[in-house]
Structure formats: C-alpha cells, structure tokens
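Participant:
Numbering (full-length UniProt numbering), first residue to last: 1 to 396.
(1) Using CA atoms only, rank isn't needed, just tell me which of 317, 291 and 73 is closest to residue 43.
(2) Could you give the uninterrupted runs of the beta strand (DSSP E) lying entirely in the segment 149-201, keeping only those of 3 residues or more?
(3) How long is the line joining the alpha carbons of residue 27 and residue 40, rounded to whole angstroms?
(4) Closest to residue 94 by CA distance: which of 194, 245 and 272 is it?
(5) Where residue 365 and residue 159 are concerned, what is the direct C-alpha to C-alpha distance, given to the nearest angstrom?
(6) Take residue 255 as the anchor and find which of 242, 235 and 97 has the nearest alpha-carbon.
(7) How do the segment 169-185 and the segment 314-322 stand: do at least 3 beta-carbon pairs fall below 8 Å, yes or no?
(8) Ignore the nearest five residues each way along the sequence and tell me which others in residue 148's own chain have a CB closer than 7 Å to its CB.
(9) Check each candidate in 165, 150, 203 and 145 and name the one with the smallest Cα separation from residue 172.
(10) For residue 84, which residues of its own chain have a beta-carbon under 7 Å away from its beta-carbon, when the five flanking residues on both sides are left out?
(11) Tell me which residues share the same chain as residue 351 and place their Cβ nearer than 6 Å to its Cβ, disregarding the 5 neighbours each side in the sequence.
(12) Put residue 141 into one of helix, strand or coil per three-state DSSP.
(13) Taking the Cβ atom as the reference point for each residue, do residue 140 and residue 277 lie within a distance shorter than 9 Å?
(14) Do the segment 327-346 and the segment 186-203 meet, that is, are 3 or more Cβ pairs less than 8 Å apart?
(15) Name the residue from 58, 238 and 231 whose alpha carbon lies nearest to the alpha carbon of residue 286.
(16) Give the range of the alpha helix (DSSP H) segment to which residue 389 is assigned.
(17) Helix, strand or coil for residue 346, going by three-state DSSP, please let me know.
(18) Can you tell me whether DSSP reads residue 60 as helix, strand or coil?
(19) Rounded to a whole number of angstroms, what is the C-alpha to C-alpha distance between residue 314 and residue 114?
(20) Do you know whose CA, among 73, 14 and 17, lies nearest residue 283's CA?
(21) Just to confirm, is the Cβ distance from residue 104 to residue 248 under 9 Å?
(22) Would you mind sorting residue 394 into buried or exposed? The rule is 16 or more other CB atoms within 10 Å of its CB.
(23) Distance, Cα to Cα, residue 396 vs residue 329?
(24) Going by Cα to Cα distance, which pick from 211, 150, 212 and 117 is closest to residue 167?
(25) Taking the C-alpha atoms as reference points, what is the distance between residue 90 and residue 211?
(26) List the DSSP bridge partners of residue 93.
(27) How would you label residue 375, buried or exposed, when you count the other beta carbons within 10 angstroms and need 16 or more for buried?
(28) Please list the terminal residues of the continuous beta strand (DSSP E) segment that includes residue 125.
(29) Any chance you could list the alpha helix (DSSP H) runs of at least 4 consecutive residues sitting entirely within the segment 307-348, in chain order?
(30) Buried or exposed, going by whether 16 or more other CB atoms sit within 10 Å of the CB of residue 355?
(31) Is it true that the CB of residue 305 sits closer than 9 Å to the CB of residue 126?
(32) Thinking C-alpha only, which one of 71, 98 and 232 is nearest residue 87?
(33) Looking only at its chain, what residues have a beta carbon closer than 7 Å to the beta carbon of residue 62, apart from the 5 residues adjacent to it on each side?
(34) Output yes or no for whether 9 Å exceeds the beta carbon distance between residue 228 and residue 207.
Written out as structure tokens, the structure reads:
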C-alpha cells in the first residue's frame, strides 16, 4: 500500500533513525539514557489515591469536552501562573496528551486556501515532528524557519519572505524551546502576535516545558495577547514534563471560544477523551504546586552538574529552561556513535530533529553539528553521561 503523496517529503522519525544508526555498534558500557525526553522523577504523591477513589469512572464513557472539574482546575492554573482568565466552559479543552491537540489544531483550524493559494504553516527548525505531520494532513505547506545561535535559538518569523507570510495560516512556536532550552520573552511573543495580526494567521504556542526553568518562570504567550483577537492564539500545556506524568496522557489547550468549539467538534468524530479517573487525577495535580517545585529542584541540581562538568567545553551553553542540553559538535552522527560504542551513552543527533531550511531563510540543516542530551535520569547517571561527553569531545 502506497503512503499518501503529501507525506512523501517527511523525514523519518528521529528515534527509529537513531536505532538504525547505533544498531551495528555494541555499547561500551551500561546504557546511560540521554536520548529521549521521558521524565524519570517521582510521580505526584496524590496520584494513586485519586485514581483509586475514581476507579468506577472506568465504567463510563468520558465526556467529549472533558470534565468541568478538570477544565476549572486548568483555568485556575492559568490564572495563578500567568494572571490570565480563560473560561473553563468555552475556552479550554482537555487533551489526551498535548500531541493530540497540536495535531488537531491544524486539521480543525487551517483552511484549505489562504489568499487563493495553498496555505503555509511556519515551524521552528529544529521542530517537534508532530507539527510537520499536522501541516501536511491539513493540506498546508510546512516551511521550516531556522532557530540558530545567531537568532538566540528562537525562529525569526519576521524574516520570512512576504509571499510566504501572505499564505501563512498558522505558526507553531515552542517556548521553552525543544531542544535548545531558549525562552521567548514578552517582546518576542508580542512581536509574533503583531505579525499574526498583520498577516492574519494563528499562533499555536507549545509551552509543555514551561514549568522546568532555572532563574525565572518563562513568559507565556497568553500574557502577550492583550486586547488582540483571542481566536488568534492557542496555547498548549501538559502534565508530562511539569508533573512527570507522560503516561497519564493529560494536557490541555486554551484559546478563543470559536477555536475551542472547532477542536471539540473534531474530537467528537476522531478524538479519544481521557478516561474519567485520569481526568480526576489530573484535576488534583493541576491544583498542586508542591510537587512541581520539588521536580524543578531536581532538574536544577542536574543543570548545575552540567555546568560543572561541561562548563569549559566549547560548544556547550547552559540552557535557560527545559531539560535538554544542545551541544555543538563537529559531526553529530559520529559523536553519537562514539558515545554509544565507547561509553554506552545514548544521545540524539541534532540533524534528526530538523531538516533543510528554505534557501531564502538561509538554507542548511540547523540541527546538524549538535547533539541533544536529556537530563532526565538520576543525577548519578547524568554525571556519568556528562563525563563521557566531555571525554568524547576531547576538551575541558
């Protein structure tokens, strides 16, 4: 069976590529997992009790729009975190993991044409693969906007040529950025939303790493919206990183009432609402900050460890937020092979997270020459991995 033509240009997913790259090589020691951003810290202490108390909910179909109890908890969290009011009845949709929403947003909200032509969806490059598949599914052209050291590892969407901006229907923006850990400040969000107003496109703000930060909580896109059309912006949040619960599959999106209504309509045909016990657990977890602070402290310890071990290594820069290191190397694939075959340390080539940019945007693969290392394992394992990276790069 032939894969649909519109997906023919999509690069293979990063992790199968990594497995194929490393398959011919035996590990040089016990495996140190630093390739996947899967949190390994303790889950919130109230999780088991809430799930057990709500077990009868598995006997019911969950409501398509999510429990009001959960939507209210998510709305209250947005208010505490960003000082922004979003109506839980009409402006919030719980998600079965934010990937569901990040994908569905394009399908539900990107029209078939923009100014009489195929629509464009702008993506940061490197990017989360879901963004590109969502754009292609919606019939749009994904355009990859480089996020490099020269741009502070944030994409300069204003540099996109005018003919592409006229066709732009949506922009995906991730802050804190995966993989670089860069943070968009208020001025950046305001500039992007002004660009969206000028060229009539939507902004999909992926803020899944917003609660893992070092010195100050990252600004949220909602803080920059002001009096602009609320349909212009949709934000996405998750318990996966904030609360070490990727397996709970609980996130949410917040946006204007019309956008949320369109997302709910698509969900009614093609979605899978979170089971009721999981929704009740998520409501309790969104209401608690103590476990989030404890989680952040564990990452802070590993940030400091990375600075200690790699601080003198050329190519290393200390990230503002998130839990990845984005380290410059001469050859990303060769470095990954060496780390694996000599030390058993598994990291990801940066080129697997990005692709060739439009030549008008500078061209080239902005992830080439970098490796991504996740600081998710216990501190002792992280130290082992960091010391192997320092030794392999032969510096410091």
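From the three backbone atoms N, C-alpha and C, an ideal C-beta is built for every residue, glycine too.
Facilitator: Per the coordinate set shown:
(1) The count along the chain shown starts at 1 and reaches residue 43 at position 43. Of the candidates 317, 291 and 73, the one whose C-alpha sits nearest the C-alpha of residue 43 is 291.
(2) 168-174
(3) To locate residue 27, count along the chain shown from 1; it is residue 27. To locate residue 40, count along the chain shown from 1; it is residue 40. In a straight line, the C-alpha of residue 27 is about 22 Å away from that of residue 40.
(4) Locating residue 94 in the chain shown gives position 94, counting from the first residue. Comparing Cα positions, the closest option is 272.
(5) For this step, residue 365 is matched to residue 365 along the chain shown. For this step, residue 159 is matched to residue 159 along the chain shown. So the two alpha carbons sit approximately 17 Å from each other.
(6) Taking the first residue of the chain shown as 1, we reach residue 255 at position 255. Nearest C-alpha to residue 255: 235.
(7) yes
(8) For the purposes of this step, residue 148 is taken as the residue at position 148 of the chain shown. The answer, listed in chain order, is 366.
(9) Stepping through the chain shown from its first residue, residue 172 is reached at position 172. Ranking 165, 150, 203 and 145 by Cα distance to residue 172 puts 203 first.
(10) Locating residue 84 in the chain shown gives position 84, where the first residue counts as 1. Excluding residues within five positions, the ones whose Cβ falls inside 7 Å are 78, 222 and 223.
(11) Translated into the one-based positions of the chain shown, residue 351 becomes position 351. The residues are 332, 365, 367 and 368.
(12) In the chain shown, the residue the question calls residue 141 occupies position 141. Correct three-state label for residue 141: strand.
(13) One-based indexing of the chain shown puts residue 140 at position 140. One-based indexing of the chain shown puts residue 277 at position 277. No; because the gap between Cβ atoms is not below 9 Å, this pair is not in contact.
(14) no
(15) As a first step, residue 286 must be located in the chain shown, where it is residue number 286. Among 58, 238 and 231, the Cα nearest to that of residue 286 is on 238.
(16) On the chain shown, position 389 is the one that residue 389 refers to. First-last of the alpha helix (DSSP H) with residue 389: 379-393.
(17) For this step, residue 346 is matched to residue 346 along the chain shown. Strand, per DSSP.
(18) Along the chain shown, one-based indexing puts residue 60 at 60. The answer is coil: DSSP assigns residue 60 none of H, G, I, E or B.
(19) Along the chain shown, one-based indexing puts residue 314 at 314. Along the chain shown, one-based indexing puts residue 114 at 114. Straight-line Cα distance between these residues: approximately 45 Å.
(20) Counting from one through the chain shown, the residue named residue 283 turns up at place 283. Among 73, 14 and 17, the Cα nearest to that of residue 283 belongs to 73.
(21) As a position in the chain shown, residue 104 is number 104, starting the count at 1. As a position in the chain shown, residue 248 is number 248, starting the count at 1. No, the Cβ-Cβ distance between residue 104 and residue 248 is not below 9 Å.
(22) If you number the chain shown from 1, residue 394 lands on position 394. By the 10 Å Cβ count, residue 394 comes out exposed.
(23) For this step, residue 396 is matched to residue 396 along the chain shown. For this step, residue 329 is matched to residue 329 along the chain shown. In this prediction, residue 396 scores a pLDDT of 40, lower than 50, which makes its location untrustworthy; the coordinate-derived value is nonetheless stated afterwards. C-alpha separation (whole angstroms): 14 Å.
(24) If you number the chain shown from 1, residue 167 lands on position 167. Nearest option by C-alpha distance: 117.
(25) For the purposes of this step, residue 90 is identified with residue 90 of the chain shown, where counting begins at 1. For the purposes of this step, residue 211 is identified with residue 211 of the chain shown, where counting begins at 1. In a straight line, the C-alpha of residue 90 is about 25 Å away from that of residue 211.
(26) Within the chain shown, the letter at position 93 stands for residue 93. In DSSP, residue 93 forms a bridge with 253.
(27) Counting from one through the chain shown, the residue named residue 375 turns up at place 375. Buried, because 16 or more other Cβ atoms sit within 10 Å of the Cβ of residue 375.
(28) Position 125 of the chain shown, counted from the start, is the residue given in the question as residue 125. From DSSP, the beta strand (DSSP E) with residue 125 extends over 120-125.
(29) 332-343
(30) Here residue 355 corresponds to residue number 355 of the chain shown, with the count starting at 1. Buried: at least 16 other Cβ atoms inside 10 Å.
(31) Working through the chain shown from its first residue, we reach residue 126 at position 126. Working through the chain shown from its first residue, we reach residue 305 at position 305. Going by C-beta atoms, residue 126 is not nearer than 9 Å to residue 305.
(32) Taking the chain shown and counting its residues from 1, the one referred to as residue 87 is at position 87. Taking only the C-alpha atoms, the option nearest residue 87 is 71.
(33) Position 62 of the chain shown, counting from 1, holds the residue named residue 62. So the qualifying residues of the chain are 273, 274, 275, 276 and 279.
(34) The residue labelled residue 228 in the question sits at position 228 within the chain shown. The residue labelled residue 207 in the question sits at position 207 within the chain shown. No; because the gap between Cβ atoms is not below 9 Å, this pair is not in contact.
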